[in-house]
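One structure is given below, encoded as structure tokens.
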Amino acid sequence: EMEEAFGFSQCLCRELLSAHHVESAVPPHTGTLMTSGPLFQLVYTSIYRAGRVANELSALRSILSVSRRNNQAAGVTGFLIFDRDSFLQVLEGPRVALDATMARIAEDDRHRDVSVIEVRPVAQRAFHAWTMGGCRRTPQQDAVFAAHGMAGAIDRTKVDFETVVALARELSVQATAPA
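Numbered according to this note's numbering, the sequence shown spans residues 6 to 184.
Here you go:
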């Protein structure tokens, strides 16, 4: 009941109450996304600019809530990773929708130093079930990040497309796993 009332997945509600482990901020998408034309994946990084909300969890919840609504309308799916002061994100959908989404992100005062790592055509979505999923890094996930070459603080200048997509896939699976 609480999960449905807040519109978040079981994992997030459990974590909001206990403040530990993976925090999945949006339940898997159950509808059909309308897209036309070829699909693309876009990976970008940015730095979190604090100040508009009380804390980073509130910021993440706010970003994901707005993203979920916008992405549903635009036919965009993806997964956002938040680590202390950095965002890593995979977006997927039609190129025109990704360009419009990136324009909104560039104007969002919660982001600064937005940098697109790469855009690639893809045959299918990796995050088809997520209008926007998300995860805030916790100490319990350090081994997962380390396995993807991101032990310690993320160096945004050294992340690459494949690594971010692989990390997001693994975290999205954890986010939907039963407790």
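All C-beta atoms, glycine included, are put in the ideal place defined by N, C-alpha and C. Quick caveat, the model's predicted, so the values are computed rather than measured.
Straight-line gap, residue i to residue j (C-alpha atoms, nearest Å)
i	j	result
Arg115	Phe87	12 Å
Gly154	Val170	13 Å
Asp118	Val149	25 Å
Tyr53	Glu123	20 Å
Gln77	Ser70	11 Å
Asp104	Gln129	18 Å
Ala185	Arg141	No answer is possible for residue 185: the residues shown for the chain start at 6 and end at 184.
Ala156	Arg109	30 Å
Gly42	Pro99	7 Å
Gln127	Met107	Residue identity check: residue 127 is Val in the sequence provided, not Gln. The straight-line gap from Cα to Cα measures roughly 18 Å.
Proximity test, residue i beta-carbon vs the ligand NAD heavy atom, cut-off 7 Å
i	result
Met155	Absence of the ligand NAD from the depicted structure is noted, as is the absence of any ligand whatsoever, leaving it without description.
Element boundaries [beta strand (DSSP E), containing residue i]
i	result
Arg141	Gly138 to Arg141
Phe45	Leu44 to Tyr53
Asp104	No beta strand (DSSP E) holds Asp104; the alpha helix (DSSP H) holding it covers Arg100 to Glu112.
Ile86	Thr82 to Asp88
Proximal residues to residue i (C-beta, below 7 Å), its chain only, five neighbours per side dropped
i	result
Glu177	What sits at residue 177 in the sequence shown is Ser, not Glu. If we look at Ser177 and ignore the five residues flanking it on each side, its Cβ neighbours are Phe84, Phe132, Trp135 and Gly138.
Sequence-distant residues of its chain with Cβ nearer than 8 Å to residue i (five each side left out)
i	result
Ala102	Thr40, Ala79, Gly80 and Val81
Cβ-based neighbour list, residue i, same chain, cut-off 6 Å, excluding 5 preceding and 5 following
i	result
Ile159	Asp88 and Ser91
Leu93	Thr50, Ile86 and Val169
DSSP three-state assignment for residue i, whether helix, strand or coil
i	result
Gln179	helix
Test item: CB-CB of residue i and residue j under 8 Å
i	j	result
Arg174	Gln46	no
Range of the contiguous alpha helix (DSSP H) that encloses residue i
i	result
Val149	Asp147 to Ala152
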